[in-house]
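Asker:
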Amino acid sequence: MLFDLELELISKIVFPLMQKRTIAQSPKKFTTGIIGVGMVGGALAHVLEKPLLFDSGKNLGSMAEVSKADILFICVPTPYDEKKKGFDISIVEEVFSKIKGEKIVVIKSTVIPGTTEYFQKKYPQHKVFFNPEFLTEVTADQDMRYPDRQIMGYTKESFSVAGDVVQILPLAPFERIMPATEAEMVKYFNNTWFATKVVYANQMYDLCQKLGADYEIIKEAAAADKRVGRSHLEIFHKGYRGYGGKCLPKDTKALIQKARAMKSPMALLETVDKLNEKLIASNAPVKKKKRSL
């Protein structure tokens, strides 16, 4: 209990001050390795100093070689499994089973809340963290190099080196070190909010059509309010309606299932998911109408 209280006090009082760190600060020297060099791992490779790389799908490096690093970043896929109704973390499981020695392991793959603690208990020889990414496919390198946030989720076992790990990552205006489950929830908070925003915008668009009102004019004026923001309000993204891509659909479904399992169903997200499926099903390439003068 006392240790938990100390962690809470430090994470809420001391670590917020870390956002004042400067690039000039000299962290302890660690060698780094990246497992999975896709969008996330590839962008991360551009900001770390000479990282070792391993990606079996690209015939890049080897597990034995990358395991020589002090800190290993796991950036492998965690797809949503429709049959199991949850995240498939089998690739992350496989990676952990092959890591030799005692390492600092940072999970960057999106995982359901509680996953970091699960791996920490299963592999107590390691110090395990969760460090969510907040990238978009088009601007992944820029987003990684100049992040809005740097979030590091720790376990009791990894807490002591949390500051050292943050120091090797790009500086951000907002930096927090928090328990791993909270860091995992930050990622879901963002992605499920974006999904909700897309569906809400689509419903507003449909009403505008009935009213004979120009959604583009309304969107522009509404988004001028900083509390609303401009992101995720486009109706015909790449010519299609609804949210798609690699993240929002799977993350929304995964959190819905987690909430059900915890007996805390999220009725709003369940509705968002159903409405989005209808939007996807009705999709056909649509040309945006040119605004008349």
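Position 103 of the sequence shown, counted from 1, bears residue number 981 in our numbering, the numbering being contiguous throughout.
Ideal placement from N, C-alpha and C gives every residue a C-beta, glycine not left out.
For a test of the three-state rule: what should DSSP assign to Val984, helix, strand or coil?
Answerer: Counted from its first residue, the sequence shown places residue 984 at position 106. Val984 falls in the strand class under three-state DSSP.
Asker: Ignoring anything shorter than 3 residues or poking outside the stretch 1089-1161, list the beta strand (DSSP E) runs there in chain order.
Answerer: Counting only runs of 3 or more, we get nothing.
Asker: Using a Cβ-Cβ cutoff of less than 6 Å, which residues in the same chain neighbour Gln998 once the five nearest sequence positions on both sides are dropped?
Answerer: Reading the sequence shown from its first residue, position 120 is the one you call residue 998. The answer, listed in chain order, is Val1006, Thr1033, Glu1035.
Asker: Taking buried to mean at least 16 other C-beta atoms within 10 Å of its own C-beta, is Leu1146 buried or exposed?
Answerer: Here the question's residue 1146 lines up with position 268 in the sequence shown. With fewer than 16 other Cβ atoms within 10 Å, it is exposed.
Asker: Return helix, strand or coil for Asp1019, following the three-state DSSP convention.
Answerer: Translated into positions along the sequence shown, residue 1019 becomes position 141. Helix, per DSSP.
Asker: From the DSSP secondary-structure annotation, give me the bridge partner or partners of Thr910.
Answerer: As a first step, residue 910 must be located in the sequence shown, where it is residue number 32. DSSP output for Thr910 lists Ile949 as bridge partner(s).
Asker: For the alpha helix (DSSP H) containing Glu1011, list its first residue and its last residue.
Answerer: Sequence index remark: in the sequence shown, residue 1011 carries index 133 (1-based). Counting along the chain, Glu1011 falls outside any alpha helix (DSSP H), and DSSP gives it neither H nor E.
Asker: Could you give the first and the last residue of the continuous beta strand (DSSP E) run that contains Glu960?
Answerer: Taking the sequence shown and counting its residues from 1, one reaches residue 960 at position 82. No beta strand (DSSP E) holds Glu960; DSSP gives it neither H nor E.
Asker: Can you give me the Cβ contacts of Leu1190 inside the same chain, cut-off strictly under 6 Å, excluding the 5 residues immediately before and after it?
Answerer: For the chain, the structure presents residues 879 to 1171; residue 1190 sits outside this window and is missing.
Asker: List the residues that DSSP assigns as beta-bridge partners of Gly1031.
Answerer: Stepping through the sequence shown from its first residue, residue 1031 is reached at position 153. According to DSSP, Gly1031 bridges with Phe1008, Met1056.
Asker: Could you tell me the alpha carbon to alpha carbon distance between Gly1120 and Pro1002, rounded to whole angstroms?
Answerer: As a working mapping, residue 1120 is identified with position 242 in the sequence shown. As a working mapping, residue 1002 is identified with position 124 in the sequence shown. Taking the straight line from one Cα to the other gives about 42 Å.
Asker: So, at 6 Å on beta carbons, what are the nonlocal neighbours of Leu1153 in its own chain, with the 5 sequence-adjacent residues on each side left out?
Answerer: In the sequence shown, counting from the first residue as 1, residue 1153 sits at position 275. Same-chain partners within the cutoff: Val1077.
Asker: For Leu1111 versus Ala1079, is the C-beta distance shorter than 8 Å?
Answerer: Within the sequence shown, residue 1111 is the residue found at index 233, counting from 1. Within the sequence shown, residue 1079 is the residue found at index 201, counting from 1. Yes.
Asker: Helix, strand or coil for Leu930 per DSSP?
Answerer: On the sequence shown, position 52 is the one that residue 930 refers to. If DSSP states are grouped into helix, strand and coil, Leu930 belongs with the strands.
Asker: Pick helix, strand or coil for Leu938, following the three-state DSSP scheme.
Answerer: Position 60 of the sequence shown, counted from the first residue, corresponds to residue 938. DSSP places Leu938 in strand when its eight states are reduced to three.
Asker: Measuring CA to CA, which of Gly964, Lys961, Gly914 is closest to Leu938?
Answerer: Indexing the sequence shown from 1 puts residue 938 at position 60. Closest by alpha carbon: Gly914.
Asker: Short of 6 Å in beta carbon distance, which residues of its chain neighbour Ala947, apart from the five on each side in sequence? Order them along the chain.
Answerer: Sequence index remark: in the sequence shown, residue 947 carries index 69 (1-based). These residues qualify, in order along the chain: Thr909, Thr910, Gly911, Leu930.
Asker: Less than 8 Å between the CB atoms is what I'm expecting for Phe965 and Ile990, so what's the real figure, rounded?
Answerer: Walking along the sequence shown from the start, residue 965 turns up at place 87. Walking along the sequence shown from the start, residue 990 turns up at place 112. So it is a contact: roughly 5 Å between Cβ atoms.
Asker: Quick check on Val1064: does DSSP put it in helix, strand or coil?
Answerer: Counted from its first residue, the sequence shown places residue 1064 at position 186. Three-state DSSP puts Val1064 in a helix.
Asker: Is Phe951 near Ser940, with beta carbons less than 8 Å apart?
Answerer: To locate residue 951, count along the sequence shown from 1; it is residue 73. To locate residue 940, count along the sequence shown from 1; it is residue 62. No, the pair does not count as a contact, with Cβ atoms beyond the cut-off.
Asker: Work out the CA separation of Gly979 and Asn1161 for me, nearest whole Å.
Answerer: Here residue 1161 refers to the residue found at position 283 of the sequence shown. Here residue 979 refers to the residue found at position 101 of the sequence shown. Spanning the two alpha carbons is a distance of roughly 50 Å.
Asker: May I ask you to report which of helix, strand or coil DSSP gives Ile969?
Answerer: Mapped onto the sequence shown, residue 969 falls at position 91. Here Ile969 sits in helix by DSSP.
Asker: Along the alpha helix (DSSP H) that carries Lys978, what are the first and last residues, could you check?
Answerer: Taking the sequence shown and counting its residues from 1, the one referred to as residue 978 is at position 100. Counting along the chain, Lys978 falls outside any alpha helix (DSSP H), and DSSP gives it neither H nor E.
Asker: Shortest alpha-carbon distance to Ala1058 belongs to which of Ile977, Thr988, Ser934?
Answerer: For the purposes of this step, residue 1058 is identified with residue 180 of the sequence shown, where counting begins at 1. Ala1058 has its Cα closest to that of Thr988, out of Ile977, Thr988, Ser934.
Asker: What number of angstroms, rounded off, separates the C-alpha of Met1030 from the C-alpha of Gly935?
Answerer: Position 152 of the sequence shown, counted from the start, is the residue given in the question as residue 1030. Position 57 of the sequence shown, counted from the start, is the residue given in the question as residue 935. So the alpha carbons of these two residues sit roughly 28 Å apart.
Asker: Going along the chain, which residues of its own chain have a beta-carbon closer than 7 Å to the beta-carbon of Leu1126, five neighbours each way excluded?
Answerer: The residue you call residue 1126 lines up with position 248 of the sequence shown. The residues are Asn1069, Phe1072, Ala1073.
Asker: Need the endpoints of the alpha helix (DSSP H) that Asp1042 sits in, please.
Answerer: Here residue 1042 is taken as the residue at index 164 of the sequence shown, counted from 1. 1040-1045 is the extent of the alpha helix (DSSP H) around Asp1042.
Asker: Which two residues bound the contiguous alpha helix (DSSP H) that contains Phe997?
Answerer: For the purposes of this step, residue 997 is taken as the residue at position 119 of the sequence shown. Residues 993-1000.
Asker: Work out the CA separation of Tyr1093 and Ala1102 for me, nearest whole Å.
Answerer: Residue numbering aside, residue 1102 sits at position 224 when the sequence shown is read from its first letter. Residue numbering aside, residue 1093 sits at position 215 when the sequence shown is read from its first letter. Answer to the nearest angstrom: the Cα atoms are 14 Å apart.
Asker: Note down, in chain order, each residue of its chain lying with its Cβ closer than 6 Å to the Cβ of His1004, except the 5 sequence neighbours on either side.
Answerer: Position 126 of the sequence shown, counted from the first residue, corresponds to residue 1004. Closer than 6 Å at the Cβ level, and outside the excluded window around His1004, lie Lys981, Val983.
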